[in-house]
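Numbered per my numbering, the sequence shown spans residues 1 to 232.
Have a look at the structure below, then the notes.
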Amino acid sequence: MAKLGKRARAAREAFAGKSDLTVEDAVALVKGNAKSKFDETIEIAVNLGVDPRHADQMVRGVVGLPNGTGKTVRVAVFARGAKAEEAEKAGADIVGAEDLMEIVQGGKIEFDRCIATPDMMPVVGRLGKVLGPRNLMPNPKIGTVTMDVAQAVADAKGGQVQFKAEKAGVVHAGVGKASFDQAQLVENVRAFIGAVAKAKPAGAKGSYMKRISLTSTMGPGVTIDVSDAVSE
1 MAKLGKRARA AREAFAGKSD LTVEDAVALV KGNAKSKFDE TIEIAVNLGV
51 DPRHADQMVR GVVGLPNGTG KTVRVAVFAR GAKAEEAEKA GADIVGAEDL
101 MEIVQGGKIE FDRCIATPDM MPVVGRLGKV LGPRNLMPNP KIGTVTMDVA
151 QAVADAKGGQ VQFKAEKAGV VHAGVGKASF DQAQLVENVR AFIGAVAKAK
201 PAGAKGSYMK RISLTSTMGP GVTIDVSDAV SE
């Protein structure tokens, strides 16, 4: 078994015996031990009491983080004509129609968010097997199928985060960078948890939020007291 480095040992010692912290204490602990040479992402994972295999228990949504994510988001837009020009002016990184479909079908996916105008969905629909597993398929429920492509691009670039429950009922996201002020991270964490709470599906039974964990890219994780984070 490989020996832990000095930094890893110090981090483990700092986290030892700590769990179910307030949001403020969890953020302070994780941020204080994110000491890599690069700006680590602060990540949150929420274990939910749902089974996403059932349609009435699927959890998905979108939230605009008050202080952004600290990440550069690459946006692709499927649009034609005036709407394509609108998307380009708004700062979309890739804009196209059938030509963009062919690029994606070829396995070249150089974007983090995909937006489409409603008339382009017959084209985008052919990419379901490619975009779906990557959680990139445009969806009107989260505002990525829209005629207001300029606003959708601005939202994506400005810190909007999408979330969707995985098979095990877990939603996760990056909620900022270690370089953010503690207050900014706390605000982002609470905004994300609040959005997941509001997305509680009709078919959810029993305890909805079971466990909330916070970590940094290279650091250990710590659990957050669910009752402190949100009132169910």
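The beta-carbon is built from N, C-alpha and C at its ideal position, and this holds for glycine as well.
This one's a predicted model, so the numbers in the text were calculated from it and none came from an experiment.
For residue i, which three-state DSSP category applies?
{"i": "residue 67", "result": "coil"}
{"i": "residue 139", "result": "coil"}
{"i": "residue 101", "result": "helix"}
{"i": "residue 230", "result": "coil"}
{"i": "residue 59", "result": "coil"}
{"i": "residue 35", "result": "coil"}
{"i": "residue 108", "result": "coil"}
{"i": "residue 173", "result": "strand"}
{"i": "residue 96", "result": "strand"}
Does chain B have any CB closer than 9 angstroms to the CB of residue i?
{"i": "residue 144", "result": "The chain labelled as chain B is not found in the depicted structure, where only one protein chain is given."}
Could you please give the first and the last residue of the uninterrupted beta strand (DSSP E) stretch that includes residue i?
{"i": "residue 42", "result": "41 to 48"}
{"i": "residue 162", "result": "160 to 164"}
{"i": "residue 75", "result": "75 to 78"}
{"i": "residue 113", "result": "113 to 116"}
Can you name the start and end residues of the alpha helix (DSSP H) that residue i belongs to?
{"i": "residue 19", "result": "Here residue 19 belongs to no alpha helix (DSSP H), and DSSP marks it neither H nor E."}
{"i": "residue 193", "result": "182 to 198"}
{"i": "residue 127", "result": "That residue, residue 127, is in no alpha helix (DSSP H); it is neither H nor E in DSSP."}
On the DSSP bridge assignment, give the partners of residue i in chain order.
{"i": "residue 214", "result": "44 and 222"}
{"i": "residue 89", "result": "DSSP output for residue 89 lists no bridge partner at all."}
{"i": "residue 145", "result": "116"}
{"i": "residue 209", "result": "48"}
The stretch 84 to 104 contacting the stretch 218 to 227, beta-carbon criterion three pairs below 8 angstroms: no
At least 3 beta-carbon pairs within less than 8 angstroms: the stretch 143 to 159 vs the stretch 40 to 47: no
Any 3 or more C-beta pairs closer than 8 angstroms across the stretch 109 to 116 and the stretch 130 to 141: Short answer: they touch.
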